[in-house]
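Oh and the sequence shown: position 188 is 349 in our numbering, straight run, nothing missing. For reference, the structure is listed below as structure tokens.
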Amino acid sequence: MQRITHDRPWPLFDAAATRMIERAAASTLAPHTLMQRAGLSIAKLAMAVAPHSKSIWIACGPGNNGGDGFEAAMHLLQWGKRVHATWLGDEARAPADALASFQRARDAGVVIAAEPPHHCDLAIDGLLGVGGSHPVEGAMAQQVSLINALTCPVLSIDLPTGLAADTGSGQSVHATHTLSLLTLKPGLFTHGGRDACGDIWFDDLGIALDAFDASATLSGPPDTTARPHASHKGSFGDVAIIGGAPGMSGAALLAASAALHGGAGRVFVALLDASGMAVDATRPELMFRAWASLDLTGQAVACGCGGGDAVRAVLPKVISAAKALVLDADALNAIANDPQLQSRLQARGMRGRPTVLTPHPLEAARLLGSTTLQVQADRLAACREIASRYGCSVVLKGSGTIIADAGGRTSINPTGNARLATAGTGDVLAGLIAARLAAGDAAFEAAASAVFAHGLAADHWPIHRPLTAAALAARL
């Protein structure tokens with residue numbers, strides 16, 4: 162069993178892949194082996210997270226998740242705990258494995274009550290696991306509400322009940338700990354998953370997963386190598402920031418600052434405000450130019466930060482000419498409303514030019530011609546669809562940011578927190594991705610590593626210090 166941390170990447174498997182792996186594993190093992198292994202793992206983690214608990218409520222659902230709970234109940238009872246198990250199942254309809262564990266628990270002396278206890282020191286949520294695909298209703302919804310009203314630790318088995326394994330959507334149990342069994346599921350790490358799951362633990366139940374294709378990856382830290390001593394500013398590439406329409410120059414300057422602090426050799430700023438500044442006294446390293454004078458063919462360009470309506474005029478040349486390109490904010494809105502720009506972007510993708518789009522959910526909905534609710538209902542699918550449609554790598558921002566490329570490769574970022582929900586942090590991310598592209602990283606890798614570093618900076622932010630975009634850019 163391992164706690165999921167950010168020090169390495171992890172393979173993620175959706176519900177269909179998890180069921181396939183479970184069937185393959187069960188075919189090589191004695192009956193009930195996986196459920197028995199799961200129950201022991203749950204009981205061990207329960208004792209680790211609440212070692213002084215005396216009274217434990219195990220809420221068992223009608224399927225195999227409930228069977229896992231019954232297996233855990235037997236161990237906890239043997240270890241001297243007062244176990245209060247409830248079951249929403251039916252002996253006539255329960256799956257064979259779950260029914261076997263129910264009978265084993267009852268024979269071992271586990272009291273299976275009709276109603277939840279009035280008090281417990283630990284609650285174990287075994288109501289629904291990866292098989293739950295419908296909204297929680299009736300008696301189960303009542304138990305979810307009771308669990309969420311508790312002040313003691315809550316350990317969810319496999320997934321918090323009500324949370325969709327593939328998407329992280331749904332009204333669910335809010336656990337303090339979640340033990341994901343056999344595989345890690347994407348929904349644990351995006352949309353509502355990060356709020357619902359608490360600390361996430363994983364046990365593969367002794368099944369090797371290397372032979373199975375992952376549905377996605379939970380990002381780990383990027384490879385970092387020291388810069389060679391025999392380097393110069395040209396070794397790390399040029400970044401051009403194009404944006405900053407009248408009244409919005411700050412967005413472009415934030416992106417430029419992030420590119421500078423992110424390691425770009427030189428950073429050019431092309432403001433779309435004719436009366437804009439010609440020098441930034443706080444960052445004199447930034448070089449201001451008219452956008453038409455830039456040699457885009459040799460630069461990594463971040464376009465759209467504070468671009469307003471003015472960005473529409475520059476996009477045809479930027480999309481066609483930029484060596485590598487990050488499109489953000491108003492550039493994405495312009496593309497969503499202009500079929501000709503969409504065609505140019507698709508043609509760029511067909512030429513294999515490195516390109517990263519960085520939409521938030523509303524911008525993603527505009528690019529797809531859908532709604533924010535539809536995007537959030539399946540963030541991985543939405544990100545993959547944008548990437549496929551435009552031939553780009555895409556960063557779908559939000560809780561559990563998704564990174565996808567046109568070939569279907571998909572990653573979920575584990576870093577970051579709600580302190581990033583402040584104006585300008587998206588501009589900082591765009592500039593940082595551009596710096597990675599300028600250094601020669603491929604589009605998907607540039608996006609994934611920048612998103613990881615951006616979130617990690619927020620995770621390490623001093624608790625007493627407000628997080629602002631300008632300070633974040635400098636911290637990179």
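Positions of the beta carbon are idealized from the N, C-alpha and C atoms, including for glycine.
Bounding residues of the alpha helix (DSSP H) (the contiguous stretch that carries Arg267): As a first step, residue 267 must be located in the sequence shown, where it is residue number 106. 257-268 is the span of the alpha helix (DSSP H), which, as asked, contains Arg267.
Reduced DSSP category for Met448 - H, G, I as helix; E, B as strand; rest coil: By 1-based counting over the sequence shown, the position of residue 448 is 287. Strand.
Beta-carbon separation (whole angstroms), Ala211 vs Pro321, contact threshold 8 Å: Against the sequence shown, residue 211 aligns to sequence position 50. Against the sequence shown, residue 321 aligns to sequence position 160. Rounded, the Cβ-Cβ distance is 17 Å, inconsistent with contact.
The region 372-385 / the region 190-203 touching (three or more Cβ pairs under 8 Å): no
Burial state of Asp675, where buried means 16 or more other Cβ atoms lie within 10 Å: Residue 675 is absent from the structure shown; the chain starts at 162 and stops at 637.
Inter-stretch contact (C-beta, 8 Å, three-pair minimum) for the region 606-620 and the region 401-410: Because the criterion of three Cβ pairs below 8 Å is not met, the region 606-620 and the region 401-410 do not touch.
Beta-carbon proximity of Ala482 to Ser554, cut-off 7 Å: Against the sequence shown, residue 482 aligns to sequence position 321. Against the sequence shown, residue 554 aligns to sequence position 393. No, these two residues do not count as a Cβ contact at 7 Å.
Val291, DSSP secondary structure in three states: Sequence index remark: in the sequence shown, residue 291 carries index 130 (1-based). Note: Val291 maps to coil in three-state DSSP.
Candidates Ile285, Val472, Gln163, Gly601, of which the one nearest Gly227 by Cα: Working through the sequence shown from its first residue, we reach residue 227 at position 66. Out of Ile285, Val472, Gln163, Gly601, Ile285 has the C-alpha closest to the C-alpha of Gly227.
Continuous beta strand (DSSP E) stretch holding Cys464: start and end: Translated into the one-based positions of the sequence shown, residue 464 becomes position 303. Start and end: 461-464.
Local Cβ density within 10 Å of Glu298, reported as buried at 16 or more and exposed below that: Residue numbering aside, residue 298 sits at position 137 when the sequence shown is read from its first letter. Burial call: exposed.
Separation of Ala234 from Trp240, as counted between CA atoms: Residue 240 sits at position 79 when you count from the first residue of the sequence shown. Residue 234 sits at position 73 when you count from the first residue of the sequence shown. If you take the alpha carbons of Trp240 and Ala234, they lie about 10 Å apart.
Buried or exposed (CB count within 10 angstroms, at least 16 for buried), Thr347: Translated into the one-based positions of the sequence shown, residue 347 becomes position 186. Checking the sequence shown, residue 347 turns out to be Pro, not Thr. Classified as buried, Pro347 has 16 or more neighbouring CB atoms from the shown chains inside 10 Å of its CB.
Collapsed DSSP secondary structure at Ser202 in the structure displayed: Taking the first residue of the sequence shown as 1, we reach residue 202 at position 41. Helix, per DSSP.
Length-filtered (3 minimum) beta strand (DSSP E) runs lying within the region 549-611: If we require 3 residues or more, the beta strand (DSSP E) runs fully inside the region 549-611 come out as 554-557, 563-565, 571-573.
Residue interval of the beta strand (DSSP E) (run including His338): For this step, residue 338 is matched to residue 177 along the sequence shown. Its beta strand (DSSP E) spans residues 338-342.
Separation of Gly592 from Ser317, as counted between CA atoms: Position 156 of the sequence shown, counted from the first residue, corresponds to residue 317. Position 431 of the sequence shown, counted from the first residue, corresponds to residue 592. Rounded to the nearest angstrom, the two C-alpha atoms are 39 Å apart.
Local conformation of Ile165 per DSSP, three classes: Taking the first residue of the sequence shown as position 1, residue 165 is located at position 4. Correct three-state label for Ile165: coil.
Environment of Pro575 [buried if 16+ CB atoms lie within 10 Å]: For the purposes of this step, residue 575 is taken as residue 414 along the sequence shown, with counting starting at 1. It is buried - the Cβ of Pro575 has at least 16 other Cβ atoms within 10 Å.
Classification of Lys215 by the beta-carbon crowding that lies within 10 angstroms, buried from 16 upward: Looking up residue 215 in the sequence shown gives position 54. Counting Cβ neighbours within 10 Å, Lys215 comes out exposed, since fewer than 16 surround it.
DSSP three-state assignment for His129, whether helix, strand or coil: Because residue 129 is not part of the residues shown, which for the chain are 162 to 637, the question remains open.
Counterpart residues of Ile480 in DSSP-defined beta bridges: Position 319 of the sequence shown, counted from the first residue, corresponds to residue 480. Note: Ile480 sits in no beta bridge, so no partner.
DSSP bridge partner residues for Ile547 (one or two, in chain order): Working through the sequence shown from its first residue, we reach residue 547 at position 386. Note: Ile547 sits in no beta bridge, so no partner.
Classification of Ala132 by the beta-carbon crowding that lies within 10 angstroms, buried from 16 upward: Examination of residue 132 is not possible in this model, given that the chain is present from 162 through 637 alone.
Option nearest Leu173 by Cα separation, candidates His352, Leu345, Ala579: One-based indexing of the sequence shown puts residue 173 at position 12. Considering only alpha carbons, the answer is Leu345.
Straight-line Cα distance separating Pro627 from Gly381: For this step, residue 381 is matched to residue 220 along the sequence shown. For this step, residue 627 is matched to residue 466 along the sequence shown. Rounded to the nearest angstrom, the two C-alpha atoms are 26 Å apart.
Whole-angstrom distance between Arg473 and Ser333, CA atom to CA atom: Position 172 of the sequence shown holds residue 333. Position 312 of the sequence shown holds residue 473. Cα to Cα, the separation comes out at about 43 Å.
Validate contact between the region 421-439 and the region 493-502 using beta carbons, cut 8 Å, 3 pairs: Too few Cβ pairs lie closer than 8 Å, so no.
Val334, DSSP secondary structure in three states: As a working mapping, residue 334 is identified with position 173 in the sequence shown. The answer is coil: DSSP assigns Val334 none of H, G, I, E or B.
Segment limits, alpha helix (DSSP H) that includes Ser418: Against the sequence shown, residue 418 aligns to sequence position 257. Segment 410-422, the alpha helix (DSSP H) holding Ser418.
Own chain partners of Arg243 with C-beta closer than 8 Å, once the 5 adjacent residues on each side are dropped: For the purposes of this step, residue 243 is taken as the residue at position 82 of the sequence shown. Excluding residues within five positions, the ones whose Cβ falls inside 8 Å are Lys215, Ser216, Ile217.
Reduced DSSP category for Leu345 - H, G, I as helix; E, B as strand; rest coil: Reading the sequence shown from its first residue, position 184 is the one you call residue 345. Residue state, collapsed to three classes: coil.
Gly270 classed as buried or exposed, judged by whether at least 16 other C-beta atoms fall within 10 angstroms: Here residue 270 corresponds to residue number 109 of the sequence shown, with the count starting at 1. Exposed, because fewer than 16 other Cβ atoms sit within 10 Å of the Cβ of Gly270.
Range of the contiguous alpha helix (DSSP H) that encloses Thr629: Along the sequence shown, read from residue 1 onward, the residue named residue 629 stands at position 468. Here Thr629 belongs to no alpha helix (DSSP H), and DSSP marks it neither H nor E.
Closest Cα partner of Gly467 within the set Gly250, Pro407, Leu518: Taking the sequence shown and counting its residues from 1, the one referred to as residue 467 is at position 306. When Gly250, Pro407, Leu518 are compared, the shortest CA-CA separation from Gly467 is found for Pro407.
CA-to-CA distance, Ala186 to Thr179, given in whole angstroms: If you number the sequence shown from 1, residue 179 lands on position 18. If you number the sequence shown from 1, residue 186 lands on position 25. C-alpha separation (whole angstroms): 10 Å.
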